[in-house]
Amino acid sequence: MSRIQLRFRELGEQRRKALIPYVTAGDPQPDVTVPLLHALVAAGADLVEIGVPFSDPMADGPVIQAACERALVHHVSLHDVLDMVREFRNSDKDTPVILMGYLNPIEVWGYEDFAEVAAAAGVDGVLTVDMPPEEADDLVRALQAHSLDTIFLLSPTSSEERMHLVSQSASGFIYYVSFKGVTGANRLDVGAVADKLDVIRGFTDLPLGVGFGIRDPESAAEVARVADAVVVGSALVGKVAGLVDSPELIPAELAATVAAMRTAIDAQAVT
Amino acid sequence: MEQRPAAEAAKLNDTLPDERGHFGPYGGQFVAETLMRPLDELNAAFSQYIKDPEFLAEFDSDLRHYVGRPSPLYYAERLSDAIGGARIYLKREDLNHTGAHKINNTVGQALLARRMGKRRVIAETGAGQHGVASATVAARFGMECVVYMGAEDIRRQAINVYRMRLLGAEVVPVESGSRTLKDALNEALRDWVTNVDNTFYIIGTVAGPHPYPVMVREFQAVIGREARAQVLEQTGRLPDALVACVGGGSNAIGLFYPFLDDQDVTIYGIEAGGDGLDTGRHAAPLCAGKSGVLHGNRTYLMEDSDGQIIETHSISAGLDYPGVGPEHAWLKDSGRARYDTVTDTEALAAFHQLTRTEGIMPALESSHALAYTARLAAGMDRDSIIVVNLSGRGDKDIHTVADLEGIRV
Numbered sequence: 725m726s727r728i729q730l731r732f733r734e735l736g737e738q739r740r741k742a743l744i745p746y747v748t749a750g751d752p753q754p755d756v757t758v759p760l761l762h763a764l765v766a767a768g769a770d771l772v773e774i775g776v777p778f779s780d781p782m783a784d785g786p787v788i789q790a791a792c793e794r795a796l797v798h799h800v801s802l803h804d805v806l807d808m809v810r811e812f813r814n815s816d817k818d819t820p821v822i823l824m825g826y827l828n829p830i831e832v833w834g835y836e837d838f839a840e841v842a843a844a845a846g847v848d849g850v851l852t853v854d855m856p857p858e859e860a861d862d863l864v865r866a867l868q869a870h871s872l873d874t875i876f877l878l879s880p881t882s883s884e885e886r887m888h889l890v891s892q893s894a895s896g897f898i899y900y901v902s903f904k905g906v907t908g909a910n911r912l913d914v915g916a917v918a919d920k921l922d923v924i925r926g927f928t929d930l931p932l933g934v935g936f937g938i939r940d941p942e943s944a945a946e947v948a949r950v951a952d953a954v955v956v957g958s959a960l961v962g963k964v965a966g967l968v969d970s971p972e973l974i975p976a977e978l979a980a981t982v983a984a985m986r987t988a989i990d991a992q993a994v995t
Numbered sequence: 519m520e521q522r523p524a525a526e527a528a529k530l531n532d533t534l535p536d537e538r539g540h541f542g543p544y545g546g547q548f549v550a551e552t553l554m555r556p557l558d559e560l561n562a563a564f565s566q567y568i569k570d571p572e573f574l575a576e577f578d579s580d581l582r583h584y585v586g587r588p589s590p591l592y593y594a595e596r597l598s599d600a601i602g603g604a605r606i607y608l609k610r611e612d613l614n615h616t617g618a619h620k621i622n623n624t625v626g627q628a629l630l631a632r633r634m635g636k637r638r639v640i641a642e643t644g645a646g647q648h649g650v651a652s653a654t655v656a657a658r659f660g661m662e663c664v665v666y667m668g669a670e671d672i673r674r675q676a677i678n679v680y681r682m683r684l685l686g687a688e689v690v691p692v693e694s695g696s697r698t699l700k701d702a703l704n705e706a707l708r709d710w711v712t713n714v715d716n717t718f719y720i721i722g723t724v725a726g727p728h729p730y731p732v733m734v735r736e737f738q739a740v741i742g743r744e745a746r747a748q749v750l751e752q753t754g755r756l757p758d759a760l761v762a763c764v765g766g767g768s769n770a771i772g773l774f775y776p777f778l779d780d781q782d783v784t785i786y787g788i789e790a791g792g793d794g795l796d797t798g799r800h801a802a803p804l805c806a807g808k809s810g811v812l813h814g815n816r817t818y819l820m821e822d823s824d825g826q827i828i829e830t831h832s833i834s835a836g837l838d839y840p841g842v843g844p845e846h847a848w849l850k851d852s853g854r855a856r857y858d859t860v861t862d863t864e865a866l867a868a869f870h871q872l873t874r875t876e877g878i879m880p881a882l883e884s885s886h887a888l889a890y891t892a893r894l895a896a897g898m899d900r901d902s903i904i905v906v907n908l909s910g911r912g913d914k915d916i917h918t919v920a921d922l923e924g925i926r927v
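Just so you know, the protein sequences line up as chains A and B, in that order. Read in order, the letters of the first sequence correspond to residues 725 to 995 in the working numbering. Read in order, the letters of the second sequence correspond to residues 519 to 927 in the working numbering.
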């Protein structure tokens, strides 16, 4: 059983919902990332999602675009990101790590070689934003060969046919994009999300995570009521943007945000 | 001249791309999930209407009466004499409405947008030619139009920006990344994913996710169909060579595609060599790049060893793009077309040469094709025939040329 599956099983047994913070690797500088990940876990993260910086992040809004640009000033590469994961794993054997990014850095490395190094570094799942299942056969094969979970997106535009298709290729969990738009926009409609998740559950037994538009403890708790996992990205990365001149404050600041969301999510589970 | 695009399209479409838009390993649909169904809907509409006689009749009528087609195929005798080799024929896309081949495609996509009930169109633009062509058809069809343009390009192309605004388009400056064409494309994709219900994205070249490369090819193939008929009519035979500049590659595919089965016609696509390939300051992914995935398709890219897209350079804003249409990548690998480069300096010399020998001022993009043609023609005899795509007129580049020569206009 993969670390991601194991984590979701534990959470299910405890009747708790997963909180998955996202941060861009190397933002605003490379030495921040590993201490930040540990701080997020200490504050209540169940899984962590690490963004691989890319020069052309087409699915992201201005907050994560800026994070990519800050990381790329330091030339943070996919190899560097895996080094960070390896360092994180030295002292955290349990928290699942998901890489989220765009295909081209993996494409130029080569699927097989990347999968082997990523698995050895301690990565558990890979979400490639611009690679739908139609194009993903070779990558899925390479990732599965190294026991890495293959995480795919579904969205408000996904037809039932596509839900079926995605559920055939996905493992670990499925990431539902809560609205039509880019990361960081403010368009969350929890009622509409709940309706769509009900339909998706007809096609898969995988846990369903929801991301995009979750900005505060209230929206995190609302989404946790209907989803299995809550992904928070721009709300955290936006705080990094405000602390580029005092990076030593970043782990504590983001941990505080995650802790508040954790509290809100767990509170709604009890009621 | 009689045009029969329906029959041609049906015949030539039989082979590539496959149903998911692959040209061998290139092309495809590399986009986030939210855009997959809109792309399927677009593909369904395109596949339906490209075979619909009523749609094709309307497209042909607009090409004739609005764009001004067919464009002439002109024997450039004094240019041919000056070079002293092959006879050079110019396909005069510069004479189209708005001054370039771009309008062929925007008319086609706007007609499709109307069939699909989309009242809002968006476009990306580099130099502004595709933006102007999109704003033009939006005005003609009464659609809302938003054009994304890199802040750096807006600064360099003030007149085209004003032209788009006169046409009623909103021009949105893009401040992210290198603030040029590739970033404008990113921003247009972000708009589309946000406003997908009412918005049609008019991509300006034969790149992007399927069906854009094949759709833009079909709307631009009128160039090659006309040229093929015209050269046969004027000379009694097919040309020895075709030459076109390649940025994204839409004018080139438009000319090349109807000649692909004519194996005796040698095909040359010319990329922007900038300061020279050895300097790294160029925009020649086919000649000096590697395969990768960007903007929805797998193709040759200008990228570093980490897979990050790198900045390009060309004197010509329309060629200043780090990718290229996937069908060109396929034509290169298959050997059916040859790709080469000319430098900024060579393109500028060709700009002057055509202006002085023929009284035709070419766009700096097209000047790349002309520069290579001069090289090629000089090694051929007088019985040889070269058809060059004169993809656009050079008025838009007068300020660039003057600046380079230290002249204040």
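Ideal Cβ placement from N, Cα and C applies to all residues, glycine included.
Proximity test, Cβ basis, 9 Å: residue i and chain A
i	result
B:V711	yes
B:N531	Unreliable positioning characterises B:N531 in this predicted model, as indicated by a pLDDT of 41, which lies under 50. The coordinate reading is nonetheless provided below. No, B:N531 lies away from the interface with chain A (no Cβ there is under 9 Å from its Cβ).
B:G810	yes
B:G546	yes
B:S694	yes
B:D612	no
B:N907	no
B:L534	no
B:H813	yes
Proximal chain A residues relative to residue i, where beta-carbon distance stays under 7 Å
i	result
B:A550	A783, V853, D854, L877
B:P556	T881
B:L707	M782
B:K700	D780
Delimiting residues of the beta strand (DSSP E) encompassing residue i
i	result
B:R638	638-643
B:V665	662-668
A:E773	772-775
B:T784	784-790
Where residue i meets chain B, residues with beta-carbon distance less than 7 Å
i	result
A:V797	Result: empty, since nearest Cβ-Cβ is about 12 Å, beyond 7 Å.
A:G905	V711, T712
Minimum Cβ-Cβ distance from residue i to chain B less than 9 Å
i	result
A:T995	Caution is warranted here: a pLDDT of 48 is assigned to A:T995, below 50, making its placement in the model unreliable, and the coordinate value is therefore given only provisionally. A:T995 does not count as touching chain B.
A:V901	yes
A:S970	no
A:L867	no
A:A909	yes
A:S801	yes
A:E840	no
Neighbourhood of residue i by C-beta distance below 6 Å, restricted to the same chain and skipping five residues each side
i	result
B:R541	Checking the sequence, you will find Phe at residue 541 of chain B rather than Arg. Excluding sequence neighbours, B:F541 sits near L534, P535, P844, E845, W848.
A:I774	A749, L823
B:R681	V650
B:L608	Y592, A594, V906, L908
A:P759	P975
Within chain A, partners of residue i - CB distance below 9 Å
i	result
B:I827	F778, S779, D780, N828
B:R637	What B:R637 touches in chain A: nothing, since even the nearest Cβ is about 17 Å away.
B:R538	E858, E859
Contacts around residue i, its chain only, beta-carbon distance under 7 Å, and the 5 residues preceding and following it disregarded
i	result
B:G586	L613, N614, H615
B:Y567	F573, L630, R633
B:A669	P691, V692, E693, R697
B:E611	S589, A618, H619, I741, N769, N907, L908, S909, G910
B:G726	H813, G814, N815
Cross-chain neighbours of residue i in chain B, by beta carbon under 9 Å
i	result
A:V787	Per Cβ cutoff of 9 Å: no residues; A:V787 is ~11 Å from chain B at best.
Own chain, CB closer than 8 Å to residue i, minus 5 neighbours either side, in chain order
i	result
A:V982	L743, P745, L764, A767, G768, A769, V956, L960
Unbroken alpha helix (DSSP H) run spanning residue i, endpoints
i	result
B:V655	647-659
B:F774	768-774
B:I828	No alpha helix (DSSP H) contains B:I828, which DSSP labels as neither H nor E.
A:E811	802-815
Rounded separation between residue i and residue j - CA only
i	j	result
B:G546	A:H888	20 Å
B:R637	B:S768	25 Å
B:R683	A:N910	29 Å
B:R673	B:G649	15 Å
A:L735	B:V549	32 Å
B:E595	B:C763	21 Å
B:D779	B:E576	28 Å
Chain B residues whose Cβ lies nearer than 8 Å to that of residue i
i	result
A:R886	E551, M554, R555
A:V832	K808, G810, E821, S823, D824, G825
Neighbour list for residue i in chain A, Cβ cutoff strictly below 8 Å
i	result
B:N704	D780, P781, M782
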